[in-house]
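Shown next, in structure tokens, is the structure this report addresses.
Numbering (the working numbering), first residue to last: 3 to 308.
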């Protein structure tokens with residue numbers, strides 16, 4: 003079972019390999035939260051809590067290295083499972099060690115909108131949407147180690163909602179209990195904190211691993227495009243700026259390996275510490291803690307005296 007994730011294309015994992023996999027007692031244990039540890043831009047340790055109910059969107063490193071390829075893939079976590087797995091393959095380690103405990107995520111993939119360009123030069127946020135249910139990569143399973151951290155996806159209200167990506171009005175695990183359709187597109191919130199901003203900023207952070215080809219490549223017409231306006235192919239340029247493609251691209255594999263921890267409790271730890279405050283003395287000689295304004299007024303704890 004020592005196979006790298008290949009975006010569910012199964013190029014190295016054959017049907018014969020799959021026949022050797024056994025789930026102990028045919029039982030999946032559903033968990034409530036997943037805590038992902040990651041390295042911030044300034045080489046500090048931080049943690050995101052992933053909860054399928056209210057903080058389910060995650061990002062992972064993209065293996066695509068061609069110029070202009072988006073550096074990340076995005077997914078929505080639907081369920082978190084823990085399972086005991088055995089492989090009966092003669093070369094598998096579980097033949098001697100016994101069942102191996104694994105954590106897996108059931109996810110719904112999002113893809114970058116075709117023909118849409120984002121970045122600092124164009125003044126536009128990355129834009130993604132759910133993969134159509136007809137695509138074989140619309141849903142999949144993911145190892146938690148591939149997740150970089152949680153992400154913030156903001157609905158594109160101007161594009162509205164659609165039921166065409168998942169054509170069912172019945173309750174489904176792919177949506178919240180009160181939803182019968184999906185937002186057509188989402189904008190990726192790259193300004194939610196300093197660490198997230200640096201993941202999209204050219205050059206990145208010291209503690210980050212990213213697809214540098216995304217930042218180093220610039221299409222020939224990028225400098226001539228008006229900032230903040232939509233762009234697409236030649237056919238789209240004849241239409242209004244607000245009209246865009248209404249399809250999404252299928253996602254693919256995630257290669258970043260990050261430490262993680264899964265908890266079965268239902269509490270969500272949404273607090274994280276990034277930096278410590280530095281205090282300083284406004285008095286250059288350091289004789290007292292009072293500040294003096296231009297009128298020789300002094301104050302301490304809000305009470306002034308002449």
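Every residue, glycine too, gets a C-beta built ideally from N, C-alpha and C.
With contacts defined by Cβ atoms closer than 8 Å, residue 31 and residue 52 do not form a contacting pair.
Where residue 202 is concerned, there is no enclosing beta strand (DSSP E), although the alpha helix (DSSP H) around it starts and stops at 196-202. When the five nearest sequence neighbours on each side are left out, the beta carbons in the same chain lying within less than 7 Å of the beta carbon of residue 81 are those of 32, 54, 108, 175, in order along the chain. The Cβ atoms of residue 22 and residue 89 lie closer than 8 Å to each other.
Residue 77 sits in a strand when the DSSP states are folded into three classes.
Where residue 46 is concerned, there is no enclosing alpha helix (DSSP H), because DSSP gives it neither an H nor an E. Around the C-beta of residue 186, 16 or more other C-beta atoms lie within 10 Å, and the residue is accordingly described as buried.
Per the coordinates, the alpha-carbon of residue 156 lies some 9 Å from the alpha-carbon of residue 129.
Between residue 105 and residue 146 a beta carbon distance of about 5 Å is seen, short of the 8 Å cut, so the two are scored as contacting.
Here residue 207 really is in contact with residue 43; their C-beta atoms are around 3 Å apart, less than 8 Å. Beta bridge pairing from DSSP links residue 190 with 155. Looking at the DSSP output, residue 53 sits in a beta bridge with 57.
Residue environment: residue 194 is assigned as exposed (fewer than 16 neighbouring CB atoms within 10 Å of its CB, all protein chains considered). Here residue 197 has 42, 43 as same chain residues with Cβ atoms under 6 Å from its own Cβ, once five neighbours each way along the sequence are excluded.
Counting the other Cβ atoms within 10 Å of the Cβ of residue 28 gives fewer than 16, which makes it exposed. If you check the CB distance, residue 137 and residue 165 do not come in under 8 Å. Using a Cβ distance threshold of 8 Å, residue 188 and residue 158 count as a contacting pair.
In this structure, the straight-line span from the alpha carbon of residue 26 to that of residue 102 is close to 9 Å.
Taking all protein chains in view, the Cβ of residue 20 is surrounded by fewer than 16 other Cβ atoms within 10 Å, so the residue is classified as exposed. C-alpha of residue 117 to C-alpha of residue 92: approximately 48 Å in a straight line.
The continuous stretches of beta strand (DSSP E) do not include residue 20, which lies in the alpha helix (DSSP H) extending over residues 17-20. If you look at residue 141, you'll find it in the beta strand (DSSP E) that goes 141-144. The C-beta distance from residue 153 to residue 79 rounds to 11 Å, too long to fall under 8 Å, and the pair is not in contact. The continuous beta strand (DSSP E) containing residue 131 extends over residues 129-132. About 11 Å separates the CB atoms of residue 134 and residue 112; that is not less than 8 Å, and the two are not in contact.
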